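*Asks:* Once you've had a glance at the structure underneath, I'll fire off some questions.
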Amino acid sequence: MAIAVALLIGAGQKTFAQQTFVEGNKDLFLCDFQDVNKSYQLFNIYDLGGLQPSSFMRSLGFAVNKSWLFKLMDEQTSINYFAGSCSEFDPIGQANAWLVTGRIDIPAKNCKLSWKSESLNAKKLDGLKVFISTVGGNPETDFPETPVWESKAESAGASDMLDGEWNEHQISLDDYAGKSIWIAFVNQTYNGQLLCLDDVRVFFDGNYTLESALPRLSLGETIEVKGRFLAKKTAVNAYTVCCRSVDGKVLSQTFSGLNLQPGESHEFTLDTPMALGKKGVYTPYDLWAEVEGDQSIGLTDSVARVSFVPTRRIVLEEGTGTWCGWCPQGILAIENLHSLYGDRVIPIAVHNQDVMTVEAYDAALAFPGFPMGLVNRQYACYPMRQVENDYFLEGSGTFLEAVEWAMNELQTVETTLTEAVVEEGKLRLDSETRFAIAPAAAHYNLAYVLVEDDVTELKTYQANNLATSTLPIFGEFARGGKYGQTRIMNMPFQDVARAIYPSFGGAADCLPKTPVVDEVYTHSVEMDLADVVIEDSTSLVAVVMLLDAETGYVVAADSKAVDYRSDATGIVLPTHAGASWPADVFNLQGRCVRRNATDLERLPKGVYVVGGKKIVR
């Protein structure tokens, strides 16, 4: 068999944490290895053998401490991609290669694990072991000695074609119902060649399933119990929804006369609401359905009664540079985020090796490549996804996907910038932090960033590798567009990081270790701007980030236009066409082109919206 390797820039970059779904027909875990970035997000790779692969294995891309590869493909078909593990070494030895999933939550019985596997060489068969841990994903400490499944020699099939000749396997996960698990696929073959793995899936296989539509936070003393019932395999005319709260009381209601066919669903709301506990505390509940004595998958979740629902804002720190010809992709990706989420996404362009570089900030992020992003200092991502010769703003590994993941996370605390004022060369920043839920004992830091928009007066250019393309996704950076040159002069740069204070890790001990629910905690800093490069003081934006001191993750964030006080600076704020200055300036496409502006100078001629009024420049 001829095996080829498809390489992707950035492969191996660890990105998103694993998410679990218990809804409808969604899989709890799925990896078909068709997307290399997604594959690396879902698995961790461990080579406990550390042996030198044979010359043939090295030609495929295997190396010492590189015991699993994504993505391999059958060169004769060039259709199906899969993962492979090497067991052919020079000198001969035994593999010890582990492919370990992230955490997978198993909510109930009737969940199963399935996969496909095969040996490459019929004369040198590889074995496979499957281990399951309930404590963690470290292969040296967390997994039991005995596998849950083992094949000493996976067959190689009747022909040298992999497609259609895989060995299909499936095991029950009933023993792990209600637990979190980590699954390891392990090659410990002595003197084999290549173990092939594909289509790893964990799924619920019951007749019915139930989805909860309850939020995690609620303002009321009670909450409506809502959700969706799905008939998966059999027709259903009636079902009963049951909800058990923390007091043990079970709410139940029967819905009849439905005539649901397999694959059809029904949305429900119980007539009786569920009572919630005191403010700032989660109320756990169990939710399940019954059909003629047959119980669906059960859901266990919780709702907290709160006095306010924090606003979720996401920080995207982007690694970019004027020398980077692919970095216009980042500009386009951020414009797309602005159009979708508005000010709920806070981009910060951290430049590398150009005139806008803030050395300490750039060094702290330490991006391995450009353009690249870090969402809430948790999810590494890229502006676009490339599939052969096409590019996409959405999909695995993109800015958009990382932001969507972060948006879906529960927000239990809110940090707000209440003041951002420059007086006598110093920037005063005041913030307030308020918790909706009582957090466990933790350390929080506060970091502040000064950002400037519309930076143009630079004796430099933006390299642009998109200039030769005619793909519509590249917009004005493509051939024939406004910026369709390989070197773009006088292009306004947005979201440019000018300073970070007091450091990348933020100011320590800003909040008590055990914050009180609804208590407002204030924090103030003063940033000396004497050594900060600023082109236009009217285009400044301040950002505050609440950081988990243990993980470094951004827990909450906010941004605010900086107020340059005219009485302190001598600046006289002009009036123009009835507009009230300073003000945010928007183009007719709804994009903010200048924040806290005092005039329209240096903007391209055209029509702008200022304070709800159209102004022609």
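When you line the sequence shown up against the working numbering, it's residues 1 to 617, in that order.
Even glycine gets a Cβ: it sits at the ideal position worked out from N, Cα and C.
None of these values were measured; they are calculated from a predicted model.
(1) Could you check what DSSP says for I37 in three-state terms: helix, strand or coil?
(2) Starting from the C-beta of P492, find all residues in its chain whose C-beta is less than 7 Å away, skip the five residues before and the five after it, and write them out in chain order.
(3) When burial is assigned at 16 or more other CB atoms within 10 Å of the CB, is L600 buried or exposed?
(4) Kindly provide the ranges of any beta strand (DSSP E) runs that are 3 or more residues long and lie completely inside the stretch 389-444, ordered along the chain.
(5) Near L400, which residues of its chain fall below 6 Å by C-beta distance, leaving aside the five closest residues on each side in sequence?
(6) Quick one, are the C-beta atoms of R377 and V315 less than 9 Å apart?
(7) Less than 8 Å between C-beta atoms, sequence neighbours within five positions excluded: which residues of the same chain meet that for L337?
(8) May I ask you to report which of helix, strand or coil DSSP gives L547?
(9) I need the straight-line Cα distance from V100 to V525, nearest angstrom please.
(10) According to DSSP, simplified to helix, strand and coil, what is M527?
(11) Under 9 Å between the Cβ atoms of W68 and I104?
(12) Using a threshold of 9 Å, state whether the C-beta atoms of D301 and S155 are closer than that.
(13) Is it true that the CB of T412 sits closer than 9 Å to the CB of A436?
(14) Please report the straight-line C-alpha distance between D567 and W581, rounded to a whole angstrom.
(15) In chain order, what residues of the same chain have a beta carbon less than 6 Å from the beta carbon of L51, not counting five sequence neighbours either side?
(16) Can you give me the Cβ contacts of F143 inside the same chain, cut-off strictly under 7 Å, excluding the 5 residues immediately before and after it?
(17) Of the choices S396, E414 and R595, whose alpha-carbon is the least far from that of D518?
(18) Verify whether the separation of the beta carbon atoms of G84 and L194 is less than 9 Å.
(19) Might you give, ordered along the chain, the residues of its own chain that have their beta carbon closer than 6 Å to the beta carbon of E290, omitting 5 neighbours on each side?
(20) Indicate whether P383 and L332 have their beta-carbon atoms separated by less than 9 Å.
(21) Can you check whether the CB of A597 is closer than 9 Å to the CB of V610?
(22) Taking only three categories from DSSP, how would you classify S59?
(23) Between the beta-carbon of D563 and the beta-carbon of E419, is there less than 9 Å?
(24) Within its chain, find whatever has a CB closer than 7 Å to the CB of M274; leave out the 5 residues flanking it on each side and keep chain order.
(25) By alpha-carbon positions, which one of E318, D390 and T322 ends up nearest to P368?
(26) What is the residue span of the alpha helix (DSSP H) that L28 lies within?
(27) Please classify I3: is it buried, with 16 or more other beta-carbons within 10 angstroms of its beta-carbon, or exposed?
(28) Might you give, ordered along the chain, the residues of its own chain that have their beta carbon closer than 6 Å to the beta carbon of D247, omitting 5 neighbours on each side?
(29) Count the other C-beta atoms from every protein chain shown that fall within 10 angstroms of the C-beta of P215, then say buried if there are 16 or more, exposed otherwise.
(30) Taking the straight line between their C-alpha atoms, what separation do you get for E476 and T551?
(31) Quick one: residues in its chain with C-beta nearer than 7 Å to the C-beta of D199, no 5 flanking neighbours on either side, listed in chain order?
(32) Who are the near neighbours of I171 in its chain, counting only those whose CB is closer than 6 Å to its CB and skipping five residues on each side?
(33) With DSSP as the reference, please indicate the residues paired to Q253 in a beta bridge.
(34) Would you say Y501 and Y448 are within 9 Å of each other, going by their C-beta atoms?
(35) For the beta strand (DSSP E) containing S469, name the first residue and the last one.
(36) Classify V516 as buried or exposed, calling it buried when 16 or more other Cβ atoms lie within 10 Å of its own Cβ.
*Replies:* On the basis of the data shown:
(1) As a first step, residue 37 is located in the sequence shown; it is residue number 37 there, counting from the start. The sequence shown places Asn at residue 37, rather than the Ile named in the question. N37 falls in the helix class under three-state DSSP.
(2) Here residue 492 refers to the residue found at position 492 when the sequence shown is read from its first residue. Correct list, in chain order: D454, V455 and T456.
(3) Taking the first residue of the sequence shown as 1, we reach residue 600 at position 600. Buried: at least 16 other Cβ atoms inside 10 Å.
(4) 390-392, 413-423 and 426-435
(5) Position 400 of the sequence shown holds residue 400. Closer than 6 Å at Cβ, skipping near neighbours: L393 and E394.
(6) Translated into the one-based positions of the sequence shown, residue 377 becomes position 377. Translated into the one-based positions of the sequence shown, residue 315 becomes position 315. Going by C-beta atoms, R377 is nearer than 9 Å to V315.
(7) Residue mapping note: residue 337 aligns to position 337 of the sequence shown, counting from 1. Non-local C-beta neighbours of L337 in its own chain, meaning closer than 8 Å and more than five positions away in sequence, comprise L316, V345, P347, F399, L400 and V403, ordered along the chain.
(8) Numbered from its first residue, the sequence shown carries residue 547 at position 547. Strand.
(9) Start at 1 with the first residue of the sequence shown, and residue 100 comes out as number 100. Start at 1 with the first residue of the sequence shown, and residue 525 comes out as number 525. Each residue's alpha carbon lies about 45 Å from the other.
(10) Taking the first residue of the sequence shown as position 1, residue 527 is located at position 527. Note: M527 maps to strand in three-state DSSP.
(11) Stepping through the sequence shown from its first residue, residue 68 is reached at position 68. Stepping through the sequence shown from its first residue, residue 104 is reached at position 104. Result no, Cβ atoms of W68 and I104 do not sit closer than 9 Å.
(12) The sequence position of residue 301 within the sequence shown is 301, counting from 1. The sequence position of residue 155 within the sequence shown is 155, counting from 1. For D301 and S155, no; Cβs fall outside 9 Å.
(13) As a first step, residue 436 is located in the sequence shown; it is residue number 436 there, counting from the start. As a first step, residue 412 is located in the sequence shown; it is residue number 412 there, counting from the start. Contact: yes.
(14) Reading the sequence shown from its first residue, position 567 is the one you call residue 567. Reading the sequence shown from its first residue, position 581 is the one you call residue 581. Residue placement at D567 is flagged as unreliable, the pLDDT there being 40, under the threshold of 50; a coordinate-derived value is accordingly withheld.
(15) Position 51 of the sequence shown, counted from the start, is the residue given in the question as residue 51. Around L51: F89 and G93.
(16) Counted from its first residue, the sequence shown places residue 143 at position 143. Closer than 7 Å at Cβ, skipping near neighbours: F131, S133 and A184.
(17) Reading the sequence shown from its first residue, position 518 is the one you call residue 518. Ranking S396, E414 and R595 by Cα distance to D518 puts E414 first.
(18) The residue labelled residue 84 in the question sits at position 84 within the sequence shown. The residue labelled residue 194 in the question sits at position 194 within the sequence shown. Yes, these two residues count as a Cβ contact at 9 Å.
(19) Looking up residue 290 in the sequence shown gives position 290. T240.
(20) Here the question's residue 383 lines up with position 383 in the sequence shown. Here the question's residue 332 lines up with position 332 in the sequence shown. Closer than 9 Å, so yes.
(21) The residue you call residue 610 lines up with position 610 of the sequence shown. The residue you call residue 597 lines up with position 597 of the sequence shown. Yes, they are a contact pair.
(22) Sequence index remark: in the sequence shown, residue 59 carries index 59 (1-based). Correct three-state label for S59: helix.
(23) In the sequence shown, residue 563 corresponds to position 563, counting from 1. In the sequence shown, residue 419 corresponds to position 419, counting from 1. The answer is yes: Cβ separation under 9 Å.
(24) What you label residue 274 is simply residue 274 of the sequence shown in a count that begins at 1. Cβ within range, chain order: T222, I223, V225, C243, S245, L251 and Y285.
(25) Stepping through the sequence shown from its first residue, residue 368 is reached at position 368. The shortest C-alpha separation from P368 is found at E318.
(26) For the purposes of this step, residue 28 is taken as residue 28 along the sequence shown, with counting starting at 1. Where L28 is concerned, there is no enclosing alpha helix (DSSP H), given that its DSSP letter is neither H nor E.
(27) Locating residue 3 in the sequence shown gives position 3, where the first residue counts as 1. Reliability fails at I3, whose pLDDT of 46 lies under 50, so the model's placement of it is uncertain and no value is given.
(28) Position 247 of the sequence shown, counted from the start, is the residue given in the question as residue 247. So the list is empty, once near-sequence residues are dropped.
(29) For the purposes of this step, residue 215 is taken as residue 215 along the sequence shown, with counting starting at 1. Label assigned to P215: exposed.
(30) By 1-based counting over the sequence shown, the position of residue 476 is 476. By 1-based counting over the sequence shown, the position of residue 551 is 551. E476 and T551: Cα-Cα distance of roughly 39 Å.
(31) Translated into the one-based positions of the sequence shown, residue 199 becomes position 199. Only D32, W115 and K116 meet the Cβ criterion.
(32) Mapped onto the sequence shown, residue 171 falls at position 171. The answer, listed in chain order, is L113 and W149.
(33) Here the question's residue 253 lines up with position 253 in the sequence shown. Partner(s): V241.
(34) The residue given as residue 501 occupies position 501 in the sequence shown. The residue given as residue 448 occupies position 448 in the sequence shown. Cβ distance < 9 Å, so Y501 and Y448 count as in contact.
(35) Working through the sequence shown from its first residue, we reach residue 469 at position 469. Segment: none, S469 is in no beta strand (DSSP E) and carries neither H nor E.
(36) Taking the sequence shown and counting its residues from 1, one reaches residue 516 at position 516. Result: exposed.
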